[in-house]
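Heads up: the structure comes next, in structure tokens.
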Amino acid sequence: MRPRFKELYKPVPSRRDVRQRRLSREAQLRRFHREQLFMGKRLRFRPSQESETESEYEFTRSDTEVIANKLKSTKHEDRMSALTELSTKLEQPSEELRKFVLEGTCMDLLIGFLNATDADEKLQCLWCLTNIAAGEKSMAEKTLVTVPYLLTLVSGKNMELQNQSIWAIGNLAAEGETEREKLFANGVLQPLVEVARDATDEMVLQTACFALSNMARKPNTYFNSLFDLTLPIVVKQLEAFQNNAECVVELAWVCTYLTASSSETQLDQITATTVIKRLLQSAKGMSGAALIPVVRTLGNIAAGTDAQTHALVERDGFVTLLLRCIEETSSRALEKEALWVMSNVTAGRKDDVDAVVGAGVLTDLVRIVEKQNFDIKKLAAYSLLNIAIIGHRVSDLPNPRLLPEFVEFIRCQDEELVRMGVQYVALLFEQLTTNDSIQLLRNVPVAIDALENLVAVTTDDDTRALVSALIDQYYQDDMRDA
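Right under this line is the structure:
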């Protein structure tokens with residue numbers, strides 16, 4: 119946690135300071151909401167109700183004592199006020215508040231509310247537990263003792279309490295393998311599955327999917343059971359909520375984690391259902407970050423067998439979606455996901471390579487290699503090399519434009535990029551005439567220097583041997599001319 123300066127006094131801020139702080143908080147909330155799509159954990163934020171005279175200050179020991187006393191108060195208003203303040207402060211807990219959770223009476227007091235009958239107080243207590251579970255590992259582990267109480271509420275009739283209990287479980291499941299195994303041992307899986315199966319409320323479904331997707335994260339010992347229980351629910355709810363983009367996104371995240379850990383047989387089970395069809399249909403009306411779990415799910419399947427990849431390429435709308443995402447330059451994350459999928463597709467069958475090349479992917483791949491940063495260039499380069507190898511299309515590539523970029527790969531410090539650069543030059547000599555290959559190299563003044571320098575510095579014997587052979591071909595042609 120970033121250290122903060124502790125003021126001796128709590129000064130009343132100016133109107134300008136209050137406004138600036140509010141703007142800063144709102145910007146922070148927007149950022150967190152965007153990141154929720156990718157986070158394993160999700161805080162629950164309370165809308166800011168800061169007044170012109172309120173100030174923000176470090177939560178001190180005296181503050182925790184006041185909170186603790188109010189939580190034990192006989193007055194409902196005091197207890198609600200304390201729970202509300204505590205849940206808000208737990209969004210970004212101070213060091214003193216962390217101690218209150220880890221070493222103080224905080225958890226005992228909160229468990230007391232779970233045993234009580236007041237639904238409003240229970241909801242605020244669950245809000246606190248949700249944010250504690252979203253915190254660092256030591257804080258999240260503190261909520262494990264509340265799991266039996268949470269499961270009772272998950273199976274209850276109060277939808278608000280049910281939803282918030284699932285949210286807390288989802289945060290705890292994201293913490294790690296140990297926590298997931300303890301949740302499974304406590305019997306969490308079946309109630310979550312039942313809620314997701316029967317959910318007609320979109321918020322409850324989204325939260326249940328959030329928890330299930332975190333439970334599906336590997337490593338775990340129960341994946342096969344989770345897969346068998348969850349796949350039919352995904353099929354059912356993708357159909358029921360196909361016009362609700364937010365629900366589709368959460369269901370797609372469940373698919374992402376299922377496909378990421380599935381066996382070949384399980385991937386076949388998924389592709390035999392309507393899941394892919396529904397995701398591709400829903401994707402037509404989605405854009406930006408919302409498409410990431412859809413594309414990642416497709417990528418996990420494309421990373422399977424050649425037959426599974428081919429079945430995906432033949433799906434109506436798959437190639438179109440992939441190209442649209444690659445062209446989505448406003449979302450760097452989505453572009454990278456789509457390029458990863460494309461690299462899987464182009465590593466498969468020749469007819470699949472022909473399909474994506476025929477759809478016009480070369481234009482985008484060349485543009486990326488020429489203009490993007492190295493991390494995205496690398497992903498595009500994989501597909502270009504695959505197209506050259508699988509599709510026998512080196513002669514169809516704009517080699518005068520690509521060679522300078524691959525030479526830069528050879529000159530960089532990234533070993534993987536260096537190998538890709540060398541492989542591209544080797545493909546030129548393999549699939550083009552020697553004269554054409556040499557002429558291409560001569561048109562890039564630093565090309566032969568880059569190869570000769572690599573021979574001198576590389577520690578990889580295979581790379582040295584290949585590059586030496588390429589240099590010999592280059593110079594032997596000069597000797598023949600002489």
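For the sequence shown, the tail end lands on 600 under my numbering, and the numbers increase by one without skipping.
No residue lacks a Cβ here, since even glycine has one placed at the ideal position from N, Cα and C.
- Under the Cβ criterion (8 Å, minimum of three pairs), the stretch 567 to 579 counts as touching the stretch 527 to 535.
- Per DSSP, Met-460 is one residue of the alpha helix (DSSP H) stretching across 450 to 464.
- In this structure, Thr-389 and Ala-429 form a Cβ contact; the two beta carbons are roughly 6 Å apart against a cut-off of 8 Å.
- Uninterrupted beta strand (DSSP E) stretches at least 3 residues long and entirely within the stretch 370 to 394 do not occur.
- Remark: C-beta atoms of Glu-488 and Glu-523 approach each other more closely than 8 Å.
- Three or more beta-carbon pairs separated by less than 8 Å are not found between the stretch 249 to 256 and the stretch 271 to 281, which leaves the two stretches without contact.
- Pairing Ser-205 with Cys-246 gives a Cβ-Cβ distance under 8 Å.
- Uninterrupted beta strand (DSSP E) stretches at least 3 residues long and entirely within the stretch 181 to 260 do not occur.
- Counting along the chain, Arg-433 sits inside no alpha helix (DSSP H), nor does DSSP assign it H or E at all.
- From the listed residues Gln-355, Ala-378 and Leu-244, the smallest Cα separation to Asn-342 is found for Ala-378.
- For Asn-276, no alpha helix (DSSP H) encloses it, and the DSSP letter there is neither H nor E.
- Distance between Ile-556 and Ala-587, taken at the CA atoms: about 13 Å.
- Shown here, Asn-361 sits in coil according to DSSP, grouped into three states, outside any helix or strand.
- Minimum Cα-Cα distance from Glu-195 among the listed residues Glu-239, Thr-235, Lys-402 and Val-585 corresponds to Glu-239.
- Secondary structure at Val-564: coil, using DSSP grouped into helix, strand and coil.
- Distance check between Arg-414 and each of Leu-347, Ala-451 and Asp-532 places Ala-451 closest, using alpha-carbon atoms only.
- Secondary structure at Gly-422: coil, using DSSP grouped into helix, strand and coil.
- Taking a contact as a CB-CB distance under 8 Å, the pair Glu-320 and Asn-362 counts as one, their CB atoms being some 6 Å apart.
- For the 8 Å CB-CB criterion, Val-372 and Val-352 form a contact.
- Secondary structure of Cys-327 (DSSP, three-state): helix.
- As the crow flies, the alpha-carbon of Ala-317 is around 5 Å from that of Leu-323.
- Distance between Tyr-593 and Ala-544, taken at the CA atoms: about 15 Å.
- DSSP places Val-306 outside both helix and strand once states are collapsed to three, so it counts as coil.
- Each residue's CA atom was taken as its position, placing Ala-506 and Glu-382 some 28 Å apart.
- Listed in chain order, the non-local C-beta contacts of Lys-454 below 7 Å within the same chain comprise Ile-494 and Leu-497, local neighbours out to five positions each way being set aside.
- Secondary structure of Leu-349 (DSSP, three-state): helix.
- Straight through space, the alpha carbons of Asn-338 and Glu-312 are spaced by roughly 20 Å.
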